[in-house]
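**Q**
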Amino acid sequence: METSTPETTALHDALVDGAVAVCVKDGNGRVLMQDARCRQICGERSGTVCSDGCMALFAADHDRQWRDWGSSTYGNRLIHGALYDVTMICSPQRITTLLQPLDERQHSALAHYAHAGLTAREQEVLALALRGNTNAEIGTHLGISRATLRTHLNRIYAKLRLRGISTEFLPGCRTRDLGVMRSAGDGPDDATPTAVVRA
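Start counting the sequence shown at 45; every next residue gets the next number (my numbering).
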């Protein structure tokens, strides 16, 4: 019979509170353990070598300094049909994956901005920005120029500012230098919003 320690209880509670799915693989990608959430997302994988989902992200990541050490986080990634923040913690013996769901957060964010008076195109731009896409990715996805995208972003930020709608759901890199409110009551009142350019 295992006894819980305060540390393991706190870790368990943090994972449950964050709806985090956990998968542990050996150094070769063979699944050693999946929790119930991970099995719901990926299906039963125990004992098999996994090469899709998080492992496809890991394999495609050529920026990692060491393949068998350290951690990597991949934000807003589509895994088996849903959006997740993916964190992978690696040692020579283990690859631990944490998947935190984002779909509900994305829906909440879109609902937050639903009454901002945005055009259909501005809503498309905003939805892609909320998913963490760069300006180049948004432009490619929508088939618009960088200048047109900047115009859409400036209009979005101006409408949010005009209506006093916070930008709390937008990635920080998009609002850091805007002067628009991150949350109610924050930010200077006389700032002029401008588009943040992300490569």
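Idealized CB from N, CA, C, for every residue including glycine.
Is the CB-CB distance between L174 and L154 below 8 angstroms?
**A** yes
**Q** Can the beta-carbon of H124 be found closer than 8 angstroms to that of G97?
**A** yes
**Q** Cα separation between Q109 and L206?
**A** 45 angstroms
**Q** Using 10 angstroms around the beta-carbon of H56, count the other beta-carbons present and answer buried if the total reaches 16, otherwise exposed.
**A** exposed
**Q** Assign H151 to one of two classes, buried (16 or more other C-beta atoms within 10 Å of its C-beta) or exposed (fewer than that).
**A** exposed
**Q** Using only the alpha-carbon positions, how far apart do D61 and E148 sit?
**A** 14 angstroms
**Q** Taking only the alpha-carbon atoms, compute the straight-line gap between S210 and T195 and give it to the nearest angstrom.
**A** 20 angstroms
**Q** Taking Cβ to Cβ, would you say S115 is nearer than 8 angstroms to M132?
**A** yes
**Q** Tell me the DSSP bridge mates of L143?
**A** A65, V130
**Q** Near V93, what residues of its chain come up, given a Cβ to Cβ distance below 6 angstroms and the 5 sequence neighbours on each side ignored?
**A** G73, R74
**Q** Answer yes or no: do A65 and L143 have a C-beta to C-beta separation smaller than 8 angstroms?
**A** yes
**Q** Using CA atoms only, rank isn't needed, just tell me which of I182, A164, N198, G176 is closest to G216.
**A** Considering only alpha carbons, the answer is G176.
**Q** C67 and Q78: beta carbons closer than 8 angstroms?
**A** Yes, they are a contact pair.
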